[in-house]
Amino acid sequence: MEPLIAFRRQLKHTVDPAPTHNDLVIKAVALTLRDFPRLNAWCDDDALRLLEDVNVGFAVSTDQGVLLPTVREADRKSLIEIAAETKELVSLARRGRLRASLQMGAGFTISNLGPIGIDCFAPIISPPQVAILGIGSFRPRPMVVGEDIVARSATCFTLVVDHRAIDGAEGGVFLAALAEMVTHPERLGEP
Numbered sequence: 012m013e014p015l016i017a018f019r020r021q022l023k024h025t026v027d028p029a030p031t032h033n034d035l036v037i038k039a040v041a042l043t044l045r046d047f048p049r050l051n052a053w054c055d056d057d058a059l060r061l062l063e064d065v066n067v068g069f070a071v072s073t074d075q076g077v078l079l080p081t082v083r084e085a086d087r088k089s090l091i092e093i094a095a096e097t098k099e100l101v102s103l104a105r106r107g108r109l110r111a112s113l114q115m116g117a118g119f120t121i122s123n124l125g126p127i128g129i130d131c132f133a134p135i136i137s138p139p140q141v142a143i144l145g146i147g148s149f150r151p152r153p154m155v156v157g158e159d160i161v162a163r164s165a166t167c168f169t170l171v172v173d174h175r176a177i178d179g180a181e182g183g184v185f186l187a188a189l190a191e192m193v194t195h196p197e198r199l200g201e202p
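If you want our numbering, it's the position in the sequence shown, counting the first as 1, plus 11.
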């Protein structure tokens, strides 16, 4: 996650509102989903419905439980637009004012428990969606760089899929593509 963390640090000094790590992952997921239409889909009555728009839901903890606001057309929005929208959606959710219409239409959801110190977990798919991504904490972990072992920030991405729609092999290819996207955050586009 070192490149993504450095990219966000740079954005914090140049744009307002500055995207959170979650915002950056929303954008990375949205762009990656363009190449994986079976993951941006709904499974209705055992029929797979591929969605045209890339709408990404994200879990928000509230006093009333977890809500799933949706960033519509996240693949087409700038990072600043996503940051402003998620900030507003989180605020509405936590004040108990998030309308049902703002929680509908997602073809894919992310759930981030990293901020509360969870390293890795398996989230539960929100039907009729066919996949969800769990994001763990960004923590320094030992890694081999050249011939040395050094501490580098890393995270655990856990992809849970409905096997009626997609198999584990394609899920693995999606995760590899997503990892490539977050390690090259310049591909996320203009802020």
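Think of the CB as a built atom: it goes at the ideal place given N, C-alpha and C, for glycine as much as any other residue.
Subject >> Contact set for residue 48: own chain, Cβ-Cβ below 6 Å, skip 5 residues either direction >> reply: If you number the sequence shown from 1, residue 48 lands on position 37. Correct list, in chain order: 61.
Subject >> Contact under 9 Å by Cβ, residue 15 with residue 35 >> reply: Within the sequence shown, the letter at position 4 stands for residue 15. Within the sequence shown, the letter at position 24 stands for residue 35. Result yes, Cβ atoms of residue 15 and residue 35 sit closer than 9 Å.
Subject >> residue 25 to residue 168 span [Cα, whole Å] >> reply: Numbered from its first residue, the sequence shown carries residue 25 at position 14. Numbered from its first residue, the sequence shown carries residue 168 at position 157. Going from the Cα of residue 25 to the Cα of residue 168 covers about 28 Å.
Original post:
So what's residue 114 in DSSP terms, helix, strand or just coil?
Top reply: Residue 114 sits at position 103 when you count from the first residue of the sequence shown. In this structure, residue 114 counts as helix in the three-state DSSP scheme.
Original post:
For residue 76, which option in 119, 87, 104 has the closest C-alpha, if you only look at C-alpha atoms?
Top reply: As a first step, residue 76 is located in the sequence shown; it is residue number 65 there, counting from the start. The candidate whose alpha carbon is nearest that of residue 76 is 104.
Subject >> The beta strand (DSSP E) enclosing residue 165, as first and last residue numbers >> reply: Your numbering for residue 165 matches position 154 in the sequence shown. From DSSP, the beta strand (DSSP E) with residue 165 extends over 159-165.
Original post:
Since residue 141 and residue 172 are thought to touch, with beta carbons under 8 Å apart, how far apart are those beta carbons, to the nearest angstrom?
Top reply: Here the question's residue 141 lines up with position 130 in the sequence shown. Here the question's residue 172 lines up with position 161 in the sequence shown. With 8 Å as the limit, residue 141 and residue 172 qualify as a contact, their Cβ atoms being about 6 Å apart.
Original post:
Considering only residues of the same chain and omitting the five flanking positions on each side of residue 73, which have a CB-CB separation below 6 Å?
Top reply: Numbered from 1 along the sequence shown, position 62 holds the residue referred to as residue 73. Cβ within range, chain order: 104, 105.
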